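Asker: In the working numbering, the protein residues as written are 2 to 501. We put the CB at the ideal spot given by N, CA and C, even for glycine. This structure is a prediction, so every number in the text was calculated from the model and none was measured. Before I ask anything, here is the structure I am working with.
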Amino acid sequence: MLPWFLAVSWFMPLSSQNRSKVVIIGSGFSGICLGIKLKEAGLNDFLILEKAEDVGGTWRENHYPGAACDIPSALYSYSFEHNSEWKYKWSKQAQIFEYQKSIANKYSLYQHTRFGQNVISASFDDTLQLWTVTTVSQEVFTAQHLVSAVGQLHCPSTPHFPDDNTFTGASFHAANWDHSVSLKGKRAAVIGSAASALQFIPEIAKELTHLTVFQRSPNWVIPKLDRPYKPWEQWLSDKFSFITKLYRLKIWLTGEYLLLPAMRKNRLVRAHIRRINQKMMKASIADTSLRKKLTPDYPVGSKRILFSNNYYDAIARDNVYLDTSGIEKFTPDGILRKDGIEEPFDVIIYGTGFKTNPFLEAIDIKGLHGKSLREAWSNGAEAYLGVSTHGFPNMHMMYGPNTNLAHNSIIIMIEAQSRYIVDCITGMDDRKLATIEVKKDSEKSYNEELQNRLRKMAFYEIEHSWYMDGGKVTNNWAGGTVEYKRRMRHFPWADYQAVE
Ligand code: NAP
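Written as structure tokens, this is what we have:
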């Protein structure tokens with residue numbers, strides 16, 4: 002039986018199209034996965050609200066030259082949706098985006114999605130025990146369950162520099178690449194030199210007359226063992242999917258047993274990665290002073306280890322200059338460097354990453370008794386298993402606090418979270434529970450354990466990274482994917498309580 006307030010709410014003046022059991026914000030890998038798992042559980046009463054005009058999340062938004070995945074597609078894809086048509090071992094953005102669209106189509110998720118709905122607020126009504134979600138266009142949606150599936154990397158971060166408003170050339174962030182700006186024969190500056198920049202710098206360096214890369218800190222870069230799949234390999238993968246499953250296992254093992262130990266400060270593994278990095282750098286760059294500039298002074302694993310076969314070759318080009326002095330200020334014609342040299346540029350490209358903290362900053366979320374999520378997380382976001390947080394009943398997060406991986410495919414985490422959320426919703430229905438929240442003590446002790454473990458890891462060996470907020474690591478998970486999957490396997494009812 003539905004409680005009386007849920008039954009009454011059904012007659013409230015709201016378009017029935019805007020009322021559903023579950024509202025999911027975002028249609029990237031997380032939103033698509035949850036939609037599929039809800040349908041498989043027979044729960045068809047859900048809506049996905051998507052700010053853009055198609056599904057895909059980060060793989061729809063990031064179409065800069067050279068955009069590709071830094072995890073091989075055999076693992077960076079749903080375990081239940083095998084694809085034998087990957088063209089490359091490490092797929093390019095366009096094919097990943099196509100994969101997402103074809104899956105959304107296959108599971109009829111487009112019918113569940115309302116496009117052009119940019120969510121700005123969500124509040125929990127204590128009396129009706131419903132979430133009310135409002136979009137930029139002031140459209141209102143209500144649901145028993147609210148799921149955030151917005152990802153961690155969707156708000157581009159464009160830092161300000163003195164006089165940056167005076168620059169008269171073109172400028173854009175890599176996540177909003179302006180393909181109408183031709184780079185052929187131009188002089189460009191790239192600010193930032195991490196995961197995204199590493200992918201587009203080799204592509205644009207070929208076209209430009211001159212490129213200056215403004216590097217604040219170098220990265221540990223190792224080779225990307227990429228190549229196109231041969232037609233017979235695609236055929237084999239199609240006919241015998243277990244072959245791809247074995248390959249998937251190999252990639253997963255590499256992440257768990259080569260990369261994760263580096264994050265756990267394993268000296269041998271770190272030394273091995275440093276050696277690979279230095280060997281690759283030496284093969285591309287003869288100039289020892291340039292090699293020094295490109296060698297990080299922080300331990301392997303404190304930031305994401307990057308994969309590239311052509312980044313160092315690009316930096317070694319005659320038309321590329323690596324600046325490490327920094328930016329003094331912008332000028333109408335270009336940038337004045339901190340070493341006193343003023344360089345003219347036609348284009349300035351920001352490869353400066355995303356606003357990862359505070360989490361969910363773009364949405365004003367109010368939980369029980371009007372509790373603000375922004376205030377609750379003012380000292381850094383935290384959640385129980387990355388999915389639930391006390392005071393925000395029936396709110397579930399995907400790719401939430403402390404669920405990012407620096408060593409393996411995030412899709413593994415997303416699948417575990419989807420199953421957990423579906424278990425919660427179906428289990429509540431079976432138990433005739435309308436509203437539950439995670440217990441304060443369960444969330445507290447979980448986070449104490451998590452932070453104790455994280456403090457022993459490489460992420461705490463540097464002062465700043467996008468993994469951190471308020472002096473603590475808010476983005477990354479502390480263990481391997483097997484442990485996370487195990488902890489997510491059975492919904493822990495004892496750690497949740499009913500909200501009356
Ligand atoms: P990022 O890792 O946050 O890197 C931002 C870059 O901009 C860094 O080099 C940073 O320097 C620099 N920067 C930031 N603010 C600056 C400032 N005020 N002045 C000068 N330099 C500044 O961003 P990203 O490269 O876009 O990558 C973000 C994440 O996206 C990655 O870690 C990865 O998880 C994901 N990603 C994944 C793929 C994939 O293939 N799956 C591809 C691209 C990105 P510091 O290092 O000194 O902070």
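1) Compute the Euclidean distance between the alpha carbons of residue 419 and residue 145, then round it to the nearest angstrom.
2) With C-beta atoms as the reference, is residue 164 less than 7 Å away from residue 331?
3) According to DSSP, what are the bridge partners of residue 333?
4) In whole angstroms, give me the CA-to-CA distance for residue 248 and residue 501.
5) With distances taken between CB atoms, is the gap from residue 47 to residue 28 smaller than 7 Å?
6) If distances are taken between C-alpha atoms only, which option among 264, 291 and 329 comes closest to residue 502?
7) May I ask you to verify whether the segment 445-462 touches the segment 337-356, counting CB pairs closer than 8 Å and requiring at least 3?
8) What's the C-alpha gap between residue 227 and residue 496?
9) If residue 355 sits next to residue 154, beta carbons under 8 Å apart, how far is it from one beta carbon to the other, in whole angstroms?
10) Quick check on residue 272: buried or exposed, where buried means 16 or more other Cβ atoms within 10 Å of its Cβ?
11) The ligand NAP and residue 154: does any heavy atom of the ligand fall closer than 6 Å to the residue's C-beta?
12) Using three-state DSSP, classify residue 344 as helix, strand or coil.
13) I need the boundaries of the beta strand (DSSP E) containing residue 273, first residue and last residue.
14) With DSSP collapsed to three states, give me the class of residue 2.
15) What's the C-alpha gap between residue 134 and residue 327?
16) Could you work out which residue in 411, 432 and 59 is closest to residue 256 when comparing CA atoms only?
17) Grouping DSSP H, G and I as helix and E and B as strand, with all else coil, what is residue 470?
18) Classify residue 396 as helix, strand or coil using the three-state DSSP reduction.
19) Among the candidates 130, 258, 493 and 148, whose CA atom is the shortest distance from the CA of residue 51?
20) Expressed to the nearest angstrom, what Euclidean distance is found between the alpha-carbon atoms of residue 457 and residue 267?
21) Grab me the residues of residue 116's own chain with a C-beta within less than 6 Å of its C-beta, minus the 5 sequence neighbours each way, in chain order.
22) Mind reading off the beta-carbon distance from residue 395 to residue 87? Whole number of angstroms is fine, and I expect it under 8 Å.
23) Write down every uninterrupted run of the alpha helix (DSSP H) in the segment 209-273 whose length is 4 residues or greater and which is fully enclosed by it, in chain order.
24) Taking the straight line between their C-alpha atoms, what separation do you get for residue 203 and residue 321?
25) Would you decide whether residue 338 is buried or exposed? Buried here means 16 or more other CB atoms lie within 10 Å of its CB.
26) Could you give the C-beta distance for residue 427 and residue 42, rounded to a whole number, given that I count them as a contact under 8 Å?
27) Can you confirm whether the segment 312-319 touches the segment 279-289 when touching is taken to mean that 3 or more C-beta pairs between the two stretches lie within less than 8 Å?
28) When the distance is taken between beta carbons, is residue 100 closer than 7 Å to residue 119?
29) Taking buried to mean at least 16 other C-beta atoms within 10 Å of its own C-beta, is residue 243 buried or exposed?
30) Within 10 Å of its beta-carbon, does residue 305 have 16 or more other beta-carbons around it, so buried, or fewer, so exposed?
31) Just to check my reading of the structure: residue 348 and residue 171 have Cβ atoms closer than 8 Å, yes? What is that Cβ distance to the nearest angstrom?
32) Any chance the CB of residue 467 is under 6 Å from a heavy atom of the ligand NAP?
33) Indicate the three-state DSSP secondary structure (helix, strand or coil) for residue 376 in the structure shown.
34) Taking only the alpha-carbon atoms, compute the straight-line gap between residue 1 and residue 415 and give it to the nearest angstrom.
35) Based on DSSP bridge pairs, tell me the residues matched to residue 339.
36) Exposed or buried, which one is residue 13 when buried takes at least 16 other CB atoms within 10 Å?
Answerer: Inspection of the coordinates gives the following:
1) Mapped onto the sequence shown, residue 419 falls at position 418. Mapped onto the sequence shown, residue 145 falls at position 144. Those two C-alpha atoms are separated by around 17 Å.
2) For this step, residue 164 is matched to residue 163 along the sequence shown. For this step, residue 331 is matched to residue 330 along the sequence shown. Taking C-beta atoms as the reference points, residue 164 and residue 331 count as a pair closer than 7 Å.
3) Start at 1 with the first residue of the sequence shown, and residue 333 comes out as number 332. Partner(s): none; residue 333 has no beta bridge.
4) The residue given as residue 248 occupies position 247 in the sequence shown. The residue given as residue 501 occupies position 500 in the sequence shown. Answer to the nearest angstrom: the Cα atoms are 49 Å apart.
5) One-based indexing of the sequence shown puts residue 47 at position 46. One-based indexing of the sequence shown puts residue 28 at position 27. Not a contact, by the Cβ cut-off of 7 Å.
6) Lying outside 2 to 501, the shown extent of the chain, residue 502 is not represented and no answer is given.
7) The answer is no - the segment 337-356 does not touch the segment 445-462, with fewer than three Cβ pairs under 8 Å.
8) Numbered from 1 along the sequence shown, position 226 holds the residue referred to as residue 227. Numbered from 1 along the sequence shown, position 495 holds the residue referred to as residue 496. Those two C-alpha atoms are separated by around 44 Å.
9) Translated into the one-based positions of the sequence shown, residue 355 becomes position 354. Translated into the one-based positions of the sequence shown, residue 154 becomes position 153. Right, their Cβ atoms sit about 4 Å apart.
10) For the purposes of this step, residue 272 is taken as residue 271 along the sequence shown, with counting starting at 1. Exposed, since its Cβ has fewer than 16 Cβ neighbours within 10 Å.
11) As a working note, residue 154 is residue 153 in the sequence shown. Yes - the ligand NAP has a heavy atom lying nearer than 6 Å to the Cβ of residue 154.
12) The residue given as residue 344 occupies position 343 in the sequence shown. For residue 344, the secondary structure class from DSSP, reduced to helix, strand or coil, is strand.
13) Here residue 273 is taken as the residue at index 272 of the sequence shown, counted from 1. Secondary structure note for residue 273: it is in no beta strand (DSSP E), and the uninterrupted alpha helix (DSSP H) holding it is 268-285.
14) As a position in the sequence shown, residue 2 is number 1, starting the count at 1. At residue 2 the pLDDT is 42, less than 50, meaning the model places this residue with poor confidence; the figure from the coordinates comes in the next sentence. In this structure, residue 2 counts as coil in the three-state DSSP scheme.
15) On the sequence shown, position 133 is the one that residue 134 refers to. On the sequence shown, position 326 is the one that residue 327 refers to. Spanning the two alpha carbons is a distance of roughly 43 Å.
16) Within the sequence shown, residue 256 is the residue found at index 255, counting from 1. Shortest Cα-Cα distance from residue 256 to any of 411, 432 and 59 involves 411.
17) Within the sequence shown, the letter at position 469 stands for residue 470. In this structure, residue 470 counts as strand in the three-state DSSP scheme.
18) In the sequence shown, the residue the question calls residue 396 occupies position 395. Shown here, residue 396 sits in a strand according to DSSP, grouped into three states.
19) Position 50 of the sequence shown, counted from the first residue, corresponds to residue 51. Scanning 130, 258, 493 and 148 for the CA closest to the CA of residue 51 turns up 148.
20) Position 456 of the sequence shown, counting from 1, holds the residue named residue 457. Position 266 of the sequence shown, counting from 1, holds the residue named residue 267. Residue 267 has its alpha-carbon roughly 11 Å from the corresponding atom of residue 457.
21) Taking the first residue of the sequence shown as position 1, residue 116 is located at position 115. Cβ neighbours of residue 116 beyond the five flanking positions: 51 and 54.
22) Taking the first residue of the sequence shown as position 1, residue 395 is located at position 394. Taking the first residue of the sequence shown as position 1, residue 87 is located at position 86. No, residue 395 and residue 87 are not in contact; Cβ-Cβ is about 38 Å, not under 8 Å.
23) Qualifying alpha helix (DSSP H) stretches, in chain order: 232-240, 242-255 and 261-264.
24) As a position in the sequence shown, residue 203 is number 202, starting the count at 1. As a position in the sequence shown, residue 321 is number 320, starting the count at 1. Residue 321 has its alpha-carbon roughly 10 Å from the corresponding atom of residue 203.
25) Start at 1 with the first residue of the sequence shown, and residue 338 comes out as number 337. Residue 338 should be labelled buried.
26) Against the sequence shown, residue 427 aligns to sequence position 426. Against the sequence shown, residue 42 aligns to sequence position 41. Contact between residue 427 and residue 42 holds: their C-beta atoms lie close to 5 Å from each other, under 8 Å.
27) Proximity of the segment 279-289 to the segment 312-319 meets the contact definition, three or more beta-carbon pairs being nearer than 8 Å.
28) Working through the sequence shown from its first residue, we reach residue 119 at position 118. Working through the sequence shown from its first residue, we reach residue 100 at position 99. Residue 100 sits away from residue 119, with the two beta carbons spaced by 7 Å or more.
29) Here residue 243 is taken as the residue at index 242 of the sequence shown, counted from 1. Label assigned to residue 243: exposed.
30) Here residue 305 refers to the residue found at position 304 when the sequence shown is read from its first residue. Using a 10 angstroms sphere on the CB of residue 305, the tally of other CB atoms reaches 16 or more, which defines it as buried.
31) One-based indexing of the sequence shown puts residue 348 at position 347. One-based indexing of the sequence shown puts residue 171 at position 170. Correct: roughly 5 Å between the Cβ atoms.
32) Taking the first residue of the sequence shown as position 1, residue 467 is located at position 466. Yes, the beta carbon of residue 467 sits closer than 6 Å to at least one heavy atom of the ligand NAP.
33) Sequence index remark: in the sequence shown, residue 376 carries index 375 (1-based). Correct three-state label for residue 376: helix.
34) This structure does not reach residue 1, given that the chain is present from 2 up to 501, and the question cannot be answered.
35) Residue mapping note: residue 339 aligns to position 338 of the sequence shown, counting from 1. In DSSP, residue 339 forms no bridge with anything.
36) Position 12 of the sequence shown holds residue 13. Residue confidence for residue 13 is low, a pLDDT of 49 falling below 50, so the modelled location carries little weight; the figure read from the coordinates is stated next. With fewer than 16 Cβ atoms within 10 Å of its Cβ, residue 13 is classed as exposed.
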